[in-house]
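Trainee: Our numbering puts the first residue of the sequence shown at 1364, with every later residue one more than the last.
This structure is in structure tokens; I'll ask about it shortly.
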Amino acid sequence: MDNRAEVGRRVIEILSTEGFLDVARELEEALAILKSIDRNERIQGYNTVVSLCHVKSLGDLNIQSIDNKEWWKLLRKLENIAKKDLG
């Protein structure tokens, strides 16, 4: 699962399936902002993704459909993708 869009979709899908719809929507919007032409908007999207991917945010959610280790790995991947997209 190295495809950038696929990782984001997977995290959003897990959040939605687990009932965290507001967080899924917020993450989806932040990932869309990362595609903006405006650098300031991309920075805003990046900051949102990073804060959501932090272990004390999404990492602390009680996710049942995926192993915690795999969940945290997905979040780290998503954070790294956001960093590359900010570039």
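Beta carbons: idealized from backbone N, C-alpha and C, even for Gly.
1. Excluding the 5 residues flanking Ile1429 on each side, which residues of the same chain have their C-beta closer than 8 Å to its C-beta?
2. For Leu1397, count neighbouring C-beta atoms within 10 Å of its own C-beta (all shown protein chains included) and say buried if the count is 16 or more, exposed if not.
3. Taking only three categories from DSSP, how would you classify Leu1397?
4. Which word fits Ala1393, buried or exposed, when buried means at least 16 other C-beta atoms lie within 10 angstroms of its C-beta?
5. With DSSP collapsed to three states, give me the class of Val1413.
6. Excluding the 5 residues preceding and the 5 following Val1386 in the sequence, name in chain order all residues of the same chain whose CB lies nearer than 6 Å to its CB.
7. Straight-line CA distance for Gly1450 to Arg1367?
Mentor: Per the coordinate set shown:
1. Ile1377 and Leu1437
2. buried
3. coil
4. buried
5. helix
6. Leu1378
7. 14 Å
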